[in-house]
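Take a look at the structure set out below.
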Amino acid sequence: MTFEEFNIDERLLEAISYMHFEKASPIQEKAIPVAMEGNDVLACAQTGTGKTATFLIPILQDLVTNGAHGFTSLIVVPTRELAIQIDQELQGFSYFTDTTSKAVYGGDKGMDWDEQKRALTEGTNVVVATPGRLIAHLRLGYVKCNNIRHLVLDEADRMLDMGFIDDIRQILGYIPKKRQTMMFSATMAPEIRKLANSILVEPQMISIAIAKPAEGVKQSAYMAHPYQKIDLITHILAQNPDYDSILIFTSTKKLIHSIVNSIHNHIKGVTVEGISSDFEQNEREEVLLRFKAKQTRILVATDVLSRGIDIKGINLVINFDVPRDAADYVHRVGRTARADAKGEAITFISEADIPKFVRIETLIEKSVEKLPLPQELGEAPIWKIPAEKSKKRFYGKRKNGKRNFFRRKSDKENSKKGNPKQ
Ligand code: ADP
Ligand code: MG
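Going by the numbering used here, the first residue of the sequence shown is number 12, and it counts up by one from there.
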């Protein structure tokens, strides 16, 4: 389906074609018409499937056809990077219109604050904001919210994970009840449905397949001890000299620095940088820019980057360790092969990470090929699926809706003592 078929304004169509969007993606095809009718929407589709345009186009269409007075549209997102990225995409789509927009997020410079305050008081139409900073402005009372008629919660699953639920409820208290609300998520966890039930009115549910890495990603894994991992990266780089954009993920912020240093010291002539939520905002932006511009070949990052951030042309994602949350694997791997391109994802699995990787394979309904470790790296740990009994401990029985973690332990103790109580 082409964008012309949506019956959208010429000015938007022109911008869409400048952005080289030709065919609508499946989520766009399903959700854009529904959203253009003004319905509340709950949309679930994996990362990289074009959810941003799915809400931006209907919002802009409404603003250009029905007029935009002051602050009309609020998009709430979990991270600063995502706020900036969505605002950039928004500027692209609205290029031929009079719509104004601003990204509002926490930073370290007072300058940002004043600029954001001006945008919020002077009636910028579309605001893309992170929850904390937005609330800080709202509390000071100068933000006129009575014209808001669109609310988007993007990456709703991530916002819940990051504990933003109370912030979201606070924000809801400031904006008109009569509005169009759209919620986007990569996963449809029960908590997402619960939140949707409480804030959406007769929503149209649109869901595209379950969260699985895009078809274009070649996934594989190596069993490796932690001390073998840097040499393994050397091996992978030697095998793929044409890969000029490589993203390495680790779950541990503290490891970033040492991974960057080891790569720098062990692999000659390779450009490598690290990024995490500990970095100052401007530092993060600069590192990202250099990576996007392919001045840096390897970027080492935590999961902050794995959701939403869109960098084109990443050839390879390496999971230096296995993410704790299986959904994070899908998000990490989704950084490569965006919108139908090809890409590769390689995961390093240590012995301790095996149970986590088993959960990932269950989620993606696929067994990932385990490649043999190159001989010169020595003996690899053995891939062995943990026995059932360790699983049981994980899914301890629920009592009053809460997991009762202590039950099994005390049972065990009782049985050790020969069950004195029975
Ligand atoms: P999501 O929010 O679902 O993770 P994004 O909205 O960030 O995905 O889109 C992923 C990438 O695909 C972006 O680079 C975006 O510009 C591009 N994209 C989205 N829709 C289309 C389309 N219809 N045609 C071409 N590229 C698209
Ligand atoms: Mg997105």
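We treat Cβ as the ideally placed atom computed from N, Cα and C, and that holds for glycine.
Within the DSSP secondary-structure output, phenylalanine 359 pairs in a beta bridge with Tyr233.
Ranked by Cα distance from leucine 300, the options Lys323, Ser288, Lys279 are led by Lys323. Where methionine 216 is concerned, there is no enclosing alpha helix (DSSP H), although the beta strand (DSSP E) around it starts and stops at 215-219.
Look at glycine 103 here: in three-state DSSP terms it is helix. Taking a cut-off of 8 Å for Cβ pairs, the region 50-68 and the region 192-200 touch, as three or more such pairs fall below it. When only Cα atoms are considered, threonine 141 and glutamate 390 end up about 46 Å apart.
Taken through DSSP and simplified to helix, strand or coil, methionine 170 comes out as helix. In this structure, phenylalanine 368 keeps its C-beta atom at 9 Å or more from the C-beta atom of tyrosine 233. Counting only residues of its own chain and dropping the five nearest sequence neighbours on each side, serine 273 has a CB closer than 6 Å to the CB of Ile241.
The C-beta distance from aspartate 364 to valine 333 rounds to 4 Å, short enough to fall under 8 Å. Between the alpha carbons of threonine 111 and proline 237 lies a gap of roughly 49 Å. Put simply, the region 36-43 does not touch the region 172-188. Fewer than three CB pairs are less than 8 Å apart.
Measuring C-alpha to C-alpha distances from tyrosine 29 to each of Gly103, Leu93, Gln96, Glu133 identifies Gly103 as the nearest.
By the neighbour-count definition (other C-beta atoms within 10 Å, threshold 16), asparagine 293 is an exposed residue. In this structure, the straight-line span from the alpha carbon of leucine 374 to that of arginine 335 is close to 13 Å.
Fewer than three beta-carbon pairs drawn from the region 57-66 and the region 146-158 are found closer than 8 Å, and the two stretches are therefore not classed as touching. Remark: C-beta atoms of glutamine 230 and isoleucine 396 do not approach each other more closely than 9 Å. Taking the Cβ atoms as the reference, alanine 167 lies roughly 7 Å from leucine 206, within the contact range of under 8 Å. Assigned with DSSP and collapsed to three states, valine 228 falls in strand. Taking non-hydrogen atoms of the ligand MG into account, the C-beta of aspartate 165 is found less than 8 Å away from one of them. For glycine 285, the enclosing beta strand (DSSP E) covers residues 283-286. Every alpha helix (DSSP H) stretch that sits fully inside the region 57-125 and reaches 4 residues is listed by chain position as 62-77, 91-104.
Non-local beta-carbon contacts of valine 163 in its own chain, meaning distances under 6 Å to residues more than five positions away in sequence, involve Phe66, Ile86, Met193 in chain order. Beta-bridge annotation (DSSP): glutamine 191 is paired with His161. Taking C-beta atoms under 8 Å as the contact rule, threonine 108 and valine 75 qualify, at a distance of about 5 Å. For glycine 354, the secondary structure class from DSSP, reduced to helix, strand or coil, is strand. The DSSP-derived three-state label of leucine 149 is helix. When DSSP states are grouped into helix, strand and coil, phenylalanine 14 belongs to the helix group. Annotation: the continuous beta strand (DSSP E) that includes asparagine 330 extends over 327-330. Exposure of serine 378 is indicated by the presence of fewer than 16 other C-beta atoms within 10 angstroms of its C-beta. For alanine 35, there is no enclosing alpha helix (DSSP H), as DSSP marks it with neither H nor E. Distance between glycine 280 and threonine 245, taken at the CA atoms: about 12 Å. Taken from the Cβ of lysine 367, every heavy atom of the ligand MG lies 8 Å or farther away. As the crow flies, the alpha-carbon of threonine 13 is around 5 Å from that of lysine 34. Sequence-distant partners of arginine 22 (beyond 5 residues in either direction) whose C-beta falls short of 7 Å from its own C-beta, in its chain, are Val75, Phe107, Thr108. Around the beta carbon of proline 224, a 10 Å sphere encloses 16 or more other beta carbons of the protein chains shown; the residue is thus reported as buried.
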